[in-house]
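Trainee: Sharing a structure here in structure tokens format.
Protein chains: 6
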Amino acid sequence: MFYHDGKLQYTVRVDKPNPQFAKLLQQAIGGIEGEMRVCLQYLFQAWNSRGPQKYRDMLLETGTEEIAHIEMLATAVCLNLEGSSSALKDEMAMSNPMVEAVMGGRDPRHILSAGLGAMAADANGVPFNGSWVVSSGNIAADMHANVMAETTGRVLATRLYEMTDDSGMKDMLAFLIARDTMHQNQWMAVLEELGPDAYPVPNSFPSSLQHENVAYSFLSTSVNEVSNATGRWTEGSSIDGKGIFRFEKAVPTGGLPVLAPADKEIHGQIEQGVAPDPGFIDKVKDIIGG
Amino acid sequence: MFYHDGKLQYTVRVDKPNPQFAKLLQQAIGGIEGEMRVCLQYLFQAWNSRGPQKYRDMLLETGTEEIAHIEMLATAVCLNLEGSSSALKDEMAMSNPMVEAVMGGRDPRHILSAGLGAMAADANGVPFNGSWVVSSGNIAADMHANVMAETTGRVLATRLYEMTDDSGMKDMLAFLIARDTMHQNQWMAVLEELGPDAYPVPNSFPSSLQHENVAYSFLSTSVNEVSNATGRWTEGSSIDGKGIFRFEKAVPTGGLPVLAPADKEIHGQIEQGVAPDPGFIDKVKDIIGG
Amino acid sequence: MFYHDGKLQYTVRVDKPNPQFAKLLQQAIGGIEGEMRVCLQYLFQAWNSRGPQKYRDMLLETGTEEIAHIEMLATAVCLNLEGSSSALKDEMAMSNPMVEAVMGGRDPRHILSAGLGAMAADANGVPFNGSWVVSSGNIAADMHANVMAETTGRVLATRLYEMTDDSGMKDMLAFLIARDTMHQNQWMAVLEELGPDAYPVPNSFPSSLQHENVAYSFLSTSVNEVSNATGRWTEGSSIDGKGIFRFEKAVPTGGLPVLAPADKEIHGQIEQGVAPDPGFIDKVKDIIGG
Amino acid sequence: MFYHDGKLQYTVRVDKPNPQFAKLLQQAIGGIEGEMRVCLQYLFQAWNSRGPQKYRDMLLETGTEEIAHIEMLATAVCLNLEGSSSALKDEMAMSNPMVEAVMGGRDPRHILSAGLGAMAADANGVPFNGSWVVSSGNIAADMHANVMAETTGRVLATRLYEMTDDSGMKDMLAFLIARDTMHQNQWMAVLEELGPDAYPVPNSFPSSLQHENVAYSFLSTSVNEVSNATGRWTEGSSIDGKGIFRFEKAVPTGGLPVLAPADKEIHGQIEQGVAPDPGFIDKVKDIIGG
Amino acid sequence: MFYHDGKLQYTVRVDKPNPQFAKLLQQAIGGIEGEMRVCLQYLFQAWNSRGPQKYRDMLLETGTEEIAHIEMLATAVCLNLEGSSSALKDEMAMSNPMVEAVMGGRDPRHILSAGLGAMAADANGVPFNGSWVVSSGNIAADMHANVMAETTGRVLATRLYEMTDDSGMKDMLAFLIARDTMHQNQWMAVLEELGPDAYPVPNSFPSSLQHENVAYSFLSTSVNEVSNATGRWTEGSSIDGKGIFRFEKAVPTGGLPVLAPADKEIHGQIEQGVAPDPGFIDKVKDIIGG
Amino acid sequence: MFYHDGKLQYTVRVDKPNPQFAKLLQQAIGGIEGEMRVCLQYLFQAWNSRGPQKYRDMLLETGTEEIAHIEMLATAVCLNLEGSSSALKDEMAMSNPMVEAVMGGRDPRHILSAGLGAMAADANGVPFNGSWVVSSGNIAADMHANVMAETTGRVLATRLYEMTDDSGMKDMLAFLIARDTMHQNQWMAVLEELGPDAYPVPNSFPSSLQHENVAYSFLSTSVNEVSNATGRWTEGSSIDGKGIFRFEKAVPTGGLPVLAPADKEIHGQIEQGVAPDPGFIDKVKDIIGG
């Protein structure tokens, strides 16, 4: 169960409302790098958690914290929108086309749909999408999904930090950026705890069942003789310690694919032939030259 | 520029067509863990690459390989669907409800829309979504997105491996599982090359600007006195080596949020008040008790 | 800020795991009638709330409760999936096509993507969509959105109740159905408090500005002489008490729409003409006969 | 069957084309509050209607009227776009960055994809989504969905009214706002006709089967002692007249959720354990400490 | 404006309700090949029509007819679902897993969300998407979009025809298939009327501005010496009569792409360098080796 | 399998970076008319190809070429974004609201999410959608889908050409416009090869099974006596040569649809009645008046 106290985790202050910045902040709410994603991702991972209890508990702790981050950002959007519709109206009514342009950097739905409130959408107004919530049932894969979410999330937050000179907004973002630092470290700490034997993920699939001969080969698909794509990944021991990196030219070993004609019920064109009616095939053989 | 030879990277053989398995394979094509995502992700990262040339080259090498993986899986879907529509017709026409059920495990659009072919969709027929293609402009974040894609991708492939007894399909999947092993290692090798100073990502944002006091604190949101969520992430040096993990109870420091009434143009209800028209507020004060 | 205790609001018990029912339960998690929608809707309405403080507080209370409902349903999905993948494997491997069909009623992504866990998606695997989260900035419109969510939500829950004979699941659903009863009443109580002057929503738009002559007319678009569509809405005082219902045949008063040819830069076909270049129009006049 | 006469239901006049306003109007066409949603919603409810014939007839009458509303708005978009691409070209070519900004408030796809026409999308260019079309099979739930659609729809229309000074556009919107007034009343009239016994929706589910002890309790999830969230909904008779409102602190009665380890086929990490293979569990017990 | 008479354009009769077939029919309602798409596409093309009036009139005629087709198919879905929920309940309650599978071929939302009604979604429950509604502002491109919609639509209808033995359903589909025949011919008739000078579309872009040297060349991207991809399109006069088809090996003439380092505000990794701050670049030169 | 050489098919040169134009270019990458769609469409059609081999080969040739077009456009987006974030920061920080507006025409995610790179999205930031990838299994329908894609694609490219005065961008677009010319011709060449007997598509469905009496009738749904919608499509031989065009007034022959009450488990309102429980119906007869 969940509880609340109505207070903000950290101060949200806007010195000068800026509807354009409100739009940018939406990316941190409902964008793929945003707080709705990490919040729901950690909560679903907790609820679906099978295995050591401490991971479930930890995910629940942090998933709950992230609700407060959405709350802070939603409040920041609201404060940045205050007074903005009156200004917009005046601008829209002016005859000067330059003035009319002011609404450009805004999300019009902040006025039309949300009445000066935050939305479950990204900086372009594209709605939050549940497919971004990754809970795979494999804890190592989940932790990598979480590190990924926090790295792209912190990159987003630092970009937002650069896009504003509002000291209140900078202060709030500096708080969120610090939390992203912790969360990056937190999920990496789980990976450290799982240890090097976690790889390749999943570690419960016997390596002997995979095609070992291509499990540590960098396959070059370049038509050029010499590749510039060499590095740590083309020589030395593999990162998982279970193989030796190799550089190879990719070659096709699978031959040309051959598909049968489609069943009659599919209603391709006659020229495509049909299966498995040999009579029909005889009839159209001349046409399709097959 | 890109080239092709029409051949498969590895053999695709289906001993016994199985339209249900064709549906499952769609997840590996157009699902979030699938090959379309990694293919486009690596190619966009290559095309957008700013920085050391070898990373662009490597991304292009592997992004190109992934096109061949989509090709293999699409071929596998086609082969698994052969002869399946005739059977379906017979089943649909039978009076036995059990028999009618056979179509249950299928994707009906494999027949209705694709005519026994593969689609750019997942195992539930949900279309591939471009939002899954992550290219952040930060190479460390991108590499984490790639490791994540390959761990969830390999988990998916091993589950598909378990879901079939077709030796041809198992053989193809064993090949793809091996390639996922390499690709996990490959992106981790870049991270190793970038070194421990890569964290927190982005490493170009001065740490002094973030709220250092919460940058390495595990904040517990539990109402319980004692937490079970302790571990590597609550004590010792942080993974990025730049702080010491701490355990703290989360407390709100931001106070209650206060929003102004909305502008008149927003047309909330009268009872909500309006801004910035003080006359209007006076008029409705009794009603809203504010 | 938000807190948790890791416990379930009400018991979640599954006597006999049923992966088909797990799929149905997803509609109550990530479907448009589901708990993710109401949870986020109430929280966003709270965070965006401008006006009397008690409404913000109430929305926050109930929005927080709904997180616990998602938690219960996610747990129910997990419990219904236990042991189901082993069975599926056996079934898939059997030669009897009837047996292979068993997987039909399942969401394959419960295995492939979530590893026997719940997802942020509906009963067809379609991801949760942020556009469903309605927070309009008008409290009466918001309350109607909430009543609607709780009526469709309770209808869904009663249908799920009918679809299972598992006593644990029936017990959990009976709890959720009761909460939906309360929440329907709760939002209607706000509407009662706002009173009859709340309509038409928004009540802050002066009625004199609308076309009063069609504000209370039922317009019949039927080509038939006599309409069967009469009722309370075609006679008597209007529900908002501000007009008299009338029945009228709809008639077009707007004439035929006339659009100018498109600008030259749009590159329609020559036959469509262009604006505002009269020379070009002269040249193609014979062709388009305009 | 359906018929048309090619005329507009009401005059659509644009005194001064404004591509920015064309973008805003898209919300009223293809947005969640827009006319496509209500049109399709009423038509699907009519086509799916089971029960008294007059409701089907009424829904068909009004669903058909709404097609004419989309027609009016599409025409308004077209008229607002006339001459706008030529201007845009000039602006794009100018070196002054201020001038380049003019295109900001436009939907670029009005030019690129629609050639100065309307689209089935919202004000941000997000496509219309069929999930918004609610037809639940329960007439009370459907009517509430319709009231909700007309309240958010009228709020949207009044905001658009504020955003323009074009007298033609104001006149058209004043017509649509009046129709929204009627339609709000119309659906509420059905609810009045259904009477107070319609609640809780669905009224066909025996109340005795729900957990009556929580069916009329406002559950407070606040960690604070005293709640500010009291009101009509915490005391007195419930709105449906079937209970007494109570205020209670929410408490968890469901205990901690316990999930079994996942099946082996799911390929979690070894550290997560597997079910139902006891041998495997024994083998990894030391590692996972479970 | 639009009108209706409540009657079906053609008889909809279901001899034996079949919920599985109801699911398949959804593709013809809300799928990309379905009637919602063509209906809205023709109506939007009519409303956006600039140019000869007769095309607007014709699009309006046929767009209006298509509403009646959605109506027929929605009715067919409803009739196929009658009595199906009772059966489902019984099946779900049985202990035999084979029996439980019966629900496999159904769309569960037909029960859970629509209460035995049709939905604005495809055969997998994926919602109708407004992006499918093509209205380009170029009449030749629009007509090609329409021919495409009617060819894929008729292919879909014939596949549905094969999937049922219900004589009522076959009769209804035979009617719709005939209408698709007419509509294919109808849009091709417009293209015939526009004549051969319509190509390449748009014909209002001066051909001299395109790179004529590659305007009629089939570029082979195969790494193989000899191509099997020759045909009508590699020799002879081009179809538009304005060039001669050629076969050429594709060669890259654009050189290697070179991107500058990203701006500092973007916060890539230090190793990626930044622009345009040369001092920063000096500082990290050793690291990135650039 | 696929290969690459890292070079661009044609020069991509940007004389003056323009982030607004970068946004417009996104439509040609990830929009429905864009290169991702045609690329994936041709590749999937090739991989799914059943029938004459040469069509598979040709589709593979051109699908591979289209990857290079995405590459060119992604490079163009990157080059147009260079240096743009620094400028944006300065603009955002300025107090002049006119200046703040500059960001209007940009896609904010080009900075926030992609770090000055291209995305798999359209000009409004709406993600690429896999549903646009049409591969029907019928070669004639596929070819019409391809002609449609290339006509709308070329229209888009010519509009982009008009929107820029950058000579590098014009040169690149002139190359792509020429390739669209070839591809339009190429798919029409296949249709020419298939010959007039390809229609109506699919030609494998016996025409005798469709309702021939309405297969060549233009059905007028206008309530007006005289139609202006006559033309080539209302008289003379049909385009497929298999019928004679007729003009007819549309009339409903299907009568009024009659649906049974819903099953009890569906939980409509009592007033809607239920099936198949006659006792229940008796009980509520008075209420519903049925």
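Residue numbers (my numbering), protein chains in the order written: chain S, 1218 to 1507; chain G, 1218 to 1507; chain X, 1218 to 1507; chain W, 1218 to 1507; chain U, 1218 to 1507; chain E, 1218 to 1507.
Heads up, the beta-carbon is just placed ideally off N, CA and C, and yes, glycines get one too.
#1: Taking 9 Å as the threshold (beta carbon to beta carbon), is S:P1478 in contact with chain X?
#2: Might you give, ordered along the chain, the residues of its own chain that have their beta carbon closer than 6 Å to the beta carbon of W:A1310, omitting 5 neighbours on each side?
#3: List the residues that DSSP assigns as beta-bridge partners of W:D1388.
#4: Going by DSSP, what residues sit across from U:N1346 in a beta bridge?
#5: Is W:T1398 closer than 9 Å to X:D1383 when the C-beta atoms are compared?
#6: Could one say the Cβ of U:I1483 lies closer than 9 Å to chain S's Cβ atoms, at least one of them?
#7: Within the 9 Å Cβ cut-off, does W:D1295 reach chain X?
#8: Sorted by chain position, which residues of the same chain lie with C-beta nearer than 8 Å to X:R1396's C-beta, five sequence neighbours on each side aside?
#9: My guess is that S:T1369 and S:E1250 are in contact by the Cβ rule of under 8 Å, so how many angstroms apart are they, rounded?
#10: For the region 1388-1418 of chain U, which residues have a beta carbon sitting closer than 8 Å to at least one beta carbon of chain A?
#11: For E:L1436, report the span of its beta strand (DSSP E) as first-last.
#12: Going by DSSP in three states, U:L1225 sits in which element: helix, strand or coil?
#13: Output yes or no for whether 9 Å exceeds the beta carbon distance between S:G1342 and S:L1298.
#14: By DSSP, does E:E1465 sit in helix, in strand, or in coil?
#15: Between which two residues does the alpha helix (DSSP H) harbouring U:K1271 extend?
#16: Using a 10 Å radius around the Cβ and a threshold of 16 neighbouring Cβ atoms, would you call U:K1502 buried or exposed?
#17: Can you tell me which of W:R1371, W:Y1416 and W:T1438 puts its alpha carbon nearest to the alpha carbon of W:V1468?
#18: Tell me the rounded alpha-carbon separation between X:K1466 and W:S1266.
#19: Can a CB atom of chain G be found closer than 9 Å to the CB of U:I1284?
#20: Would G:A1357 and U:Q1486 qualify as a contact pair, given that the criterion is a beta-carbon distance under 9 Å?
#21: Exposed or buried, what is S:E1452 when buried is set at 16 or more other beta-carbons lying within 10 Å of its beta-carbon?
#22: Taking the C-alpha atoms as reference points, what is the distance between U:L1377 and U:L1390?
#23: Are the CB atoms of X:G1472 and W:T1228 within a distance shorter than 9 Å?
#24: When you compare the CB of E:D1383 with every CB in chain U, is at least one pair closer than 9 Å?
#25: Just confirm the distance between the C-beta atoms of W:V1231 and W:A1293, as a whole number of angstroms; I'd bet it's less than 8 Å.
#26: Give the interface partners of U:V1372 over in chain S, defined as CB-CB distance under 8 Å, in chain order.
#27: Is the distance from the Cβ of U:N1355 to the Cβ of E:V1418 below 9 Å?
#28: Within its chain, find whatever has a CB closer than 6 Å to the CB of E:Q1262; leave out the 5 residues flanking it on each side and keep chain order.
#29: Would U:S1330 count as contacting chain X if we go by Cβ distances under 9 Å?
#30: How would you list, in chain order, the residues of chain G whose beta-carbon sits under 7 Å from the beta-carbon of E:D1324?
#31: Give the straight-line distance between the Cα atoms of G:E1482 and W:E1379, rounded to the nearest whole angstrom.
#32: Report the option in X:F1219, X:M1218 and X:P1234 whose CA atom is closest to the CA atom of W:L1476.
#33: Mind checking the region 1451-1472 of chain S against chain G and listing, in chain order, the residues whose C-beta falls within less than 7 Å of any C-beta there?
#34: DSSP state of E:Y1220, grouped into three classes?
#35: Opposite U:A1338 in the DSSP bridges: which residues?
#36: Taking the alpha helix (DSSP H) that E:A1239 belongs to, which residues open and close that run?
Mentor: On the basis of the supplied data:
#1: No - not a single Cβ of chain X is within 9 Å of the one on S:P1478.
#2: Note that W:A1310 scores a pLDDT of 47, beneath 50, so its modelled location is shaky and nothing firm can be said.
#3: Answer is none; W:D1388 lacks a bridge partner.
#4: For U:N1346, which the question treats as bridged, DSSP gives the partners W:N1346.
#5: Their beta carbons are not under 9 Å apart, which means X:D1383 does not touch W:T1398 by this criterion.
#6: Yes, U:I1483 counts as interfacial toward chain S.
#7: The question names Asp, but residue 1295 of chain W is Cys in the sequence shown. Under the Cβ criterion of 9 Å, W:C1295 is counted among the residues facing chain X.
#8: Scanning its chain for C-beta atoms nearer than 8 Å, with the 5 sequence neighbours on each side dropped, one finds around X:R1396 the residues E1282 and H1286, in chain order.
#9: Contact between S:T1369 and S:E1250 holds, since their C-beta atoms are separated by about 4 Å, short of 8 Å.
#10: In the displayed structure, chain A is absent; the protein chains listed are S, G, X, W, U and E.
#11: For E:L1436, the uninterrupted beta strand (DSSP E) run begins and ends at S1434 to S1437, by DSSP.
#12: Looking at U:L1225 - three-state DSSP - the assignment turns out to be coil, as it is neither helix nor strand.
#13: No, the Cβ-Cβ distance between S:G1342 and S:L1298 is not below 9 Å.
#14: Three-state result, E:E1465: strand.
#15: Run containing U:K1271: Q1270 to L1298, per the alpha helix (DSSP H) assignment.
#16: Residue placement at U:K1502 cannot be trusted, given a pLDDT of 36 that sits under 50; what the coordinates show is reported in the next sentence. Within 10 angstroms of the beta-carbon of U:K1502 lie fewer than 16 other beta-carbons, which makes it exposed.
#17: Of W:R1371, W:Y1416 and W:T1438, the residue nearest in Cα terms is W:T1438.
#18: Taking the straight line from one Cα to the other gives about 23 Å.
#19: With 9 Å as the cut-off, U:I1284 does not count as an interface residue toward chain G.
#20: Yes, the Cβ-Cβ distance between G:A1357 and U:Q1486 is below 9 Å.
#21: Exposed: under 16 other Cβ atoms inside 10 Å.
#22: U:L1390 has its alpha-carbon roughly 8 Å from the corresponding atom of U:L1377.
#23: Closer than 9 Å, so yes.
#24: No, E:D1383 does not count as interfacial toward chain U.
#25: About 7 Å separates the two Cβ atoms, so the contact holds.
#26: Here the neighbours are H1484.
#27: With respect to E:V1418, U:N1355 sits apart: the two C-beta atoms are not nearer than 9 Å.
#28: These residues qualify, in order along the chain: L1276, S1352 and D1359.
#29: So yes, U:S1330 belongs to the interface.
#30: Residues of chain G passing the Cβ test: none, with the nearest at roughly 13 Å.
#31: C-alpha of G:E1482 to C-alpha of W:E1379: approximately 6 Å in a straight line.
#32: Of the listed residues, the one whose Cα sits closest to W:L1476 is X:P1234.
#33: Taking 7 Å as the upper bound on Cβ-Cβ separation, chain G lies near residues S1455, I1456, D1457, A1467, P1469, T1470, G1471 and G1472 of the region 1451-1472 of chain S.
#34: In the structure shown, E:Y1220 sits in a strand (DSSP, three-state: E or B).
#35: Bridge partners of U:A1338: U:P1344.
#36: Following the DSSP letters along the chain, one finds E:A1239 inside the alpha helix (DSSP H) bounded by residues P1236 to G1247.
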